[in-house]
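Following: one structure in structure tokens, then a few remarks.
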Amino acid sequence: MSEDQALTEAEIQEFLNTYSNWELRDGWIRRKYGTPGWAHTLMLVNTIGYLAEAGNHHPDLSVGYAAVTVKLQTHKVHAITGKDISLAKKIEETVLWQPEADSALDGYPKKWVH
């Protein structure tokens, strides 16, 4: 399958069924992440930027004081492709990571990215 081939509605729905905080709207998959405040918002944006650059696939971001909205669509074909799903999964995995209960790491004491 070409990496720029549009996914079917069923393929997109399979992703959305697993990643329930993501939605399909206006031809984009999107998710809004809340943060504890501005400094964490900037860290989140930088993390997403790093992942996007490493994958050479770039989302549209809307940034507010305590929130970041990620919108993914393969611009070249104006559709959702495997690239969008792969990046969405990597973003979700990375930005929601927290140390395990038995970890030597304490984790952030306040509500983290959600």
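Residues in the sequence shown are numbered from 2 upward in steps of one, following this note's numbering. For every residue, glycine included, the Cβ atom is placed at its ideal position computed from N, Cα and C. Computed from a predicted model, the values in this text were never measured in an experiment.
| request: Could you please give me the residues that DSSP links to residue 68 through a beta bridge? | output: According to the DSSP secondary-structure assignment, residue 68 is paired through a beta bridge with 35, 65.
| query | DSSP on residue 53, reduced to helix/strand/coil? | reply | helix
| message | If I follow the unbroken alpha helix (DSSP H) through residue 10, where does it start and stop? | response | 10-19
| message | My parser needs the alpha helix (DSSP H) runs of 4 or more residues fully inside the region 63-115; what are they? | response | 83-96
| task | Would you mind sorting residue 26 into buried or exposed? The rule is 16 or more other CB atoms within 10 Å of its CB. | result | exposed
| query | Are the CB atoms of residue 22 and residue 94 nearer to each other than 9 Å? | reply | no
| request: Could you check how far apart the C-beta atoms of residue 84 and residue 75 are, in whole angstroms? I think they sit under 8 Å. | output: Rounded, the Cβ-Cβ distance is 6 Å, consistent with contact.
| field | DSSP state of residue 60 mapped onto helix, strand, coil | value | coil
| How many Å lie between residue 78 and residue 40 at the Cα? | 35 Å
| task | Alpha carbon to alpha carbon, how far is residue 82 from residue 9? Give it in angstroms, no decimals. | result | 9 Å
| Who are the near neighbours of residue 5 in its chain, counting only those whose CB is closer than 8 Å to its CB and skipping five residues on each side? | The answer, listed in chain order, is 75, 77, 78, 82, 84.
| message | Given this structure, state the Cα-to-Cα distance separating residue 107 from residue 56, to the nearest angstrom. | response | 30 Å
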